[in-house]
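Under UniProt numbering, residues 1 to 995 are what the first sequence spells out, in order.
A virtual CB, placed ideally from N, CA and C, is assigned to each residue, including glycine.
One structure is given below, encoded as structure tokens.
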Amino acid sequence: MKYDFNQIEKKWQDYWAKNQTFKAENHSDKPKYYVLDMFPYPSGAGLHVGHPLGYIASDIYARYKRHQGYNVLHPQGYDSFGLPAEQYAIQTGQHPAITTAENIKTYRRQLDQIGFSFDWSREVRTSDPSYYKWTQWIFIQLFNSWYNYKSDKAEDISELIKIFETEGNVHVNAACDDDLAFFTASDWNNFNDVKKQEILLQYRLTYLAETEVNWCPALGTVLANDEIVNGVSERGGHPVIRKKMTQWSMRISAYAERLLQGLDKIDWTDSLKESQRNWIGKSVGAAVSFNLIEHDDVIDVFTTRPDTIFGVSFMTLAPEHELVFKITTPEQKSEVEAYVEATAKRSERDRMADVKTISGAFTGAYVEHPFTKKPVPVWIGDYVLAGYGTGAVMSVPCGDQRDYDFAKHFNIPIPNIFEGVDISEEAFADKEKTMIANSDFLNGLSYKQATKKAIAELEKIGQGKGKTNYRLRDAVFSRQRYWGEPFPVYYVNGMPQMIDTKYLPIELPEVEKYLPTETGEPPLGNATKWAWCTVTNAVVDNSQIDNKKVFPLELNTMPGWAGSSQYFNRYMDPHNDAEIFSQEAINYWQQVDLYIGGSEHATGHLLYSRFWQKFMFDKGLVPYDEFAKKLINQGMILGTSAFVFRISFSFSVYSNNIGINPENEKKLPNGIVAFVSYSEYIKYKNGEETKINDFVNKADSLKKEYNISRGEGIVDYNQTEVLMHVDVSFVNASDELNIEAFKKWREEFKKAEFICEDDGTFKVKRDVEKMSKSKYNVVNPDQICIDYGADSLRLYEMFLGPLEQYKPWNTAGITGVHSFLKKMWRLYVGENGLLVDNVEPSKDNLKTLHKTIKKVQEDIENFSFNTSVSTFMIAVNELTAQKCTSKDILEPLLILISPYAPHIAEELWNQLGHNESISTAPFPKFDASHLVESSKNYPISFNGKMRFTLELPLDISKEEIEKAVLANEKTKEQLQGRAPKKVIVVPGKIVNIVG
RNA sequence: GCUGAAGUGGUGGAAUUGGUAGACACGUUGGACUUAAAAUCCAAUGAACAUUAGUUCGUGCGGGUUCAAGUCCCGCCUUCAGUACCA
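Spelled out as structure tokens, the structure:
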């Protein structure tokens with residue numbers, strides 16, 4: 001019987017679906033285990049071979065855990081709101097819901113053919129109203145909460161109102177807006193309703209505020225900080241500008257410290273934790289106020305080095321700082337204005353790219369040093385960022401290189417306040433390595449002591465205090481888009497009101513156009529039915545807004561990360577319509593035990609989800625304030641792109657104002673194109689004689705041919721060389737291009753010349769890049785499944801290399817794992833059926849089996865799936881050589897392989913006479929006693945270097961080995977009667993004797 | 001600049017965490033079977049010399065510790081990823 005993988009895989013995929021083999025129950029006598037993948041965004045392009053990598057790894061682990069006797073939750077769903085579907089809708093008018101549904105269908109088919117053990121009965125889609133009902137619900141909970149630093153948790157807003165009513169906000173220590181005014185209880189009670197709402201907004205965990213946002217004109221929306229890479233949008237690479245807009249924000253900064261501390265509790269990779277730490281950007285130091293001379297204002301700064309306060313020789317403000325124009329003296333006015341204007345013109349990108357140029361201007365103003373009382377000049381400079389700290393710094397040139405460079409450039413004095421340090425060339429920033437000098441009461445103190453003392457002294461005179469600063473900004477939560485969750489918000493007198501949760505979900509309205517309205521409102525402004533009636537508590541027609549009971553609804557939608565910040569919990573109880581999840585379900589599944597996904601979400605999804613989880617924990621909804629115990633980042637599978645070198649000549653006429661005969665111009669060839677085989681091109685580049693020269697000559701003769709007579713114009717050509725992607729499917733394993741297929745693919749080049757190697761082949765250049773449609777290097781898993789089967793695909797993806805690593809895909813290599821599966825099949829099945837019988841297994845058989853059990857179990861627990869595949873190959877080769885037919889060996893071997901290659905394992909398991917799925921079979925027990933022979937005469941082989949290899953039991957003592965070695969005939973022979981100086985013994989392996 | 005990861009054959013990658021470096025696979029070469037191809041099987045495959053069984057060199061570079069170093073220590077080089085006038 002042949003290994004007919006297509007038939008076998010279809011059969012068992014249907015069986016698993018029909019029998020709901022992998023359905024998880026919310027209660028069980030078994031221990032629970034939750035394995036989660038980052039759910040995909042269903043793009044129109046479908047899956048390529050890189051996508052399933054993480055899913056295969058998690059599936060192996062989930063199946064392994066089932067063999068281990070766990071009740072495993074392994075769900076899957078779709079992050080189905082997003083930009084591409086909307087952009088497609090804008091272009092074609094096709095509703096995003098329709099394209100999304102189609103894409104999901106493709107994804108599902110592709111996922112199913114790989115044989116994952118997902119519990120599809122728990123599928124969620126973020127764009128499904130029954131799901132985003134709960135995204136909206138959490139939004140409302142956040143709106144109704146504030147962060148109390150005293151209890152260090154989120155509390156209900158009604159608690160805050162109570163405090164305001166009895167004692168105002170003076171004693172409140174909460175996460176809130178910076179520019180908050182103090183008020184008393186009686187103030188509060190006299191405020192009108194709108195004023196009260198305005199104040200509360202400054203405390204709520206999600207709030208509406210006019211903030212400077214990252215506006216992307218090309219996408220027509222705002223972006224969060226993590227959606228911007230190098231000053232352009234992550235999606236599409238469009239420029240981003242700063243703009244003031246009224247937007248919803250999430251007060252994630254309230255959780256900065258807990259998000260930082262929580263990292264110590266979770267088993268995530270160090271690099272990922274480090275990214276989050278950097279993103280949160282905690283710095284400990286002091287806030288210091290400098291009083292302006294001849295002004296009432298003060299300049300507040302944040303510094304991490306209050307110990308260097310006596311080294312301050314100037315202040316620097318960001319050009320955008322609000323005090324700049326107020327304090328500039330008339331003499332300096334024109335200079336300062338010119339500088340501010342010049343900086344404003346420079347884009348964010350220019351400023352980032354050009355950090356070397358030192359620029360700035362003197363304002364003419366002075367502040368008073370808090371201790372020496374001496375005047376300190378105030379400058380502005382673009383090296384100070386408006387967005388960080390207070391937008392102003394106390395400049396200590398002897399201790400900070402940027403301040404030093406600025407001072408040197410503008411001839412500002414650089415006082416030295418460090419003991420025995422040379423600062424004539426550069427600043428001295430190594431704070432641990434010196435002591436403070438020339439600093440009054442700080443003299444002779446170390447950095448740590450001086451910092452403490454300086455803060456204490458500042459507090460005494462009321463001009464500063466210890467402060468911790470975080471880089472983490474609140475996250476903008478509004479998007480001016482259609483295809484996202486609508487806010488459950490309507491407006492009365494311009495103040496946002498939450499819709500009662502019992503009327504959720506507020507479903508996305510139909511719109512005619514997915515573009516913003518003519519007046520620049522978000523796409524939802526196009527909806528005719530998008531207003532809230534407080535009588536019927538339903539969405540009604542916009543035209544009724546004049547009615548006193550009908551109010552406008554929020555036009556923005558939520559960002560992509562809204563839906564993905566709660567899906568992992570929703571899987572636990574996905575069909576619950578009364579609650580986000582039942583307490584019974586969440587207390588059973590608790591949190592994700594293993595989460596697998598890409599590291600690109602480090603400062604986006606993975607941070608926001610932790611924030612929401614901590615909030616839900618504060619509200620008593622979840623038992624843990626971290627949602628994922630362990631996280632693994634799978635590496636990316638890269639594509640191997642193929643390139644051809646294109647050389648072309650294009651002719652042009654240089655007329656020099658002399659009339660050209662249009663007839664002659666028409667005759668000009670519009671360019672000739674040649675493609676050059678890789679090594680020919682290299683030769684050409686190295687100045688060697690190649691066939692390209694013929695091509696160049698040809699172009700030269702053409703030039704002569706078309707050189708129109710004087711007075712009509714001069715013809716010349718431009719030679720261009722282009723490195724061009726070609727579709728990898730036209731290239732074979734030896735890098736040879738199928739020229740005919742290529743010509744068919746790119747019609748415009750059907751007349752091009754192909755300059756080949758001497759042997760007539762045309763070779764392409766290869767390079768490893770990210771897999772992408774535009775690079776024509778995508779390998780489709782569908783074709784792999786047809787040609788080699790899903791089990792081969794699964795094994796090969798694991799075999800490629802360590803899970804976390806980036807590695808290139810190379811389809812040619814799959815024959816290795818594929819022929820392994822065929823070999824394995826032949827081990828079990830002969831031409832006339834099953835070969836397995838009940839004979840007693842031999843010692844060798846048992847050794848092979850237990851060696852394999854041990855290795856595979858270790859591998860899975862360490863997530864080194866690549867080496868287990870090798871282990872299987874060795875096992876099958878050994879058992880084939882041993883002609884093993886014993887059921888006692890082959891049955892457990894199948895269980896070992898089944899997480900990796902479930903279809904073939906299921907089929908053979910079934911042929912062995914089992915009616916139950918192999919997924920319920922217990923994982924084989926390892927027995928070390930099979931690995932070694934228990935014999936007193938350990939076999940010793942001598943390699944000529946006083947070194948011996950023995951096969952020894954693992955539990956033998958060193959003394960016993962020593963005795964055995966010294967008693968050995970060969971050892972005696974070598975030592976020739978002398979006593980060894982030293983015997984070094986490593987149990988299980990090697991003995992060195994130093995004679 | 002800072003942070004993190006990594007440098008091993010022609011290629012992807014192993015190496016029991018200090019113990020025979022190169023497992024396993026791809027590729028290449030040769031052979032068997034076949035009219036032929038595919039498939040399958042066998043052999044060789046780090047380099048150099050000897051080509052019999054041997055010897056020497058070999059894990060980015062230079063040192064060190066050790067009976068023993070890809071692995072540990074010190075000093076460099078290179079690559080990739082993230083991040084950045086963050087005060």
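- Ranked by Cα distance from T880, the first of W825, S130, K453, K763 is W825.
- Three or more beta-carbon pairs separated by less than 8 Å link the stretch 866-878 to the stretch 792-801, which places the two stretches in contact.
- Taken through DSSP and simplified to helix, strand or coil, Q497 comes out as strand.
- In this structure I755 is not in contact with F820, their Cβ atoms being roughly 41 Å apart against a cut-off of 8 Å.
- Closest in alpha carbon position to V856, among S842, A875, D844, is A875.
- Under the DSSP assignment, A17 falls outside any beta strand (DSSP E), being part of the alpha helix (DSSP H) whose first and last residues are 5-19.
- CA-to-CA, the gap between L142 and R204 works out to about 7 Å.
- Assignment of beta-bridge partners to K467 by DSSP yields G285.
- In this structure, the beta-carbon distance from I586 to P559 does not fall below 8 Å.
- W146 carries a strand assignment under DSSP once its states are collapsed to helix, strand and coil.
- Straight across, the Cα-Cα distance linking Q463 with G387 is about 23 Å.
- One alpha carbon belongs to V829, the other to D119, and they sit about 32 Å apart.
- Under the three-state reduction of DSSP output, H914 falls in the coil class, being neither helix nor strand.
- Of all C-beta pairs linking the stretch 576-585 to the stretch 507-527, fewer than three are shorter than 8 Å, placing the two stretches out of contact.
- For the pair E518 and I98, the Cα-to-Cα distance works out to about 26 Å.
- Straight through space, the alpha carbons of S478 and K30 are spaced by roughly 44 Å.
- In the structure shown, L73 adopts extended strand secondary structure according to DSSP, grouped into three states.
- Contact between T308 and I140 fails: their C-beta atoms lie close to 48 Å from each other, not under 8 Å.
- A straight line joining the alpha-carbon of S28 with that of S58 spans about 22 Å.
- Secondary structure at P239: strand, using DSSP grouped into helix, strand and coil.
- For Y131, the secondary structure class from DSSP, reduced to helix, strand or coil, is helix.
- The C-beta distance from V378 to V367 rounds to 6 Å, short enough to meet the 8 Å contact threshold.
- When secondary structure is reduced to three states using DSSP, V232 falls in the strand class.
- Per the coordinates, the alpha-carbon of K467 lies some 5 Å from the alpha-carbon of A286.
- Using a Cβ distance threshold of 8 Å, I461 and P370 count as a contacting pair.
- Collapsing the DSSP output to three states places T303 in a strand.
- Going by DSSP, M558 is part of no beta strand (DSSP E) at all; its letter is neither H nor E.
- The C-alpha of R125 lies about 13 Å from the C-alpha of Y107.
- Residue burial annotation: K763 is buried, with at least 16 other C-beta atoms found within 10 angstroms of its C-beta.
- Between K243 and the set I252, T640, A224, A699, the nearest pair of CA atoms involves A224.
- Here the C-alpha atom of L827 lies approximately 14 Å from the C-alpha atom of D888.
- Here the alpha carbons of A154 and W137 stand approximately 16 Å from one another.
- Taking the CA atoms as reference points, H409 sits about 32 Å from V229.
- The straight-line gap separating the alpha-carbon atoms of L896 and Y15 is approximately 21 Å.
- By the neighbour-count definition (other C-beta atoms within 10 Å, threshold 16), H321 is a buried residue.
- Of the candidates K18, E9, L53, L53 places its Cα closest to the Cα of Q634.
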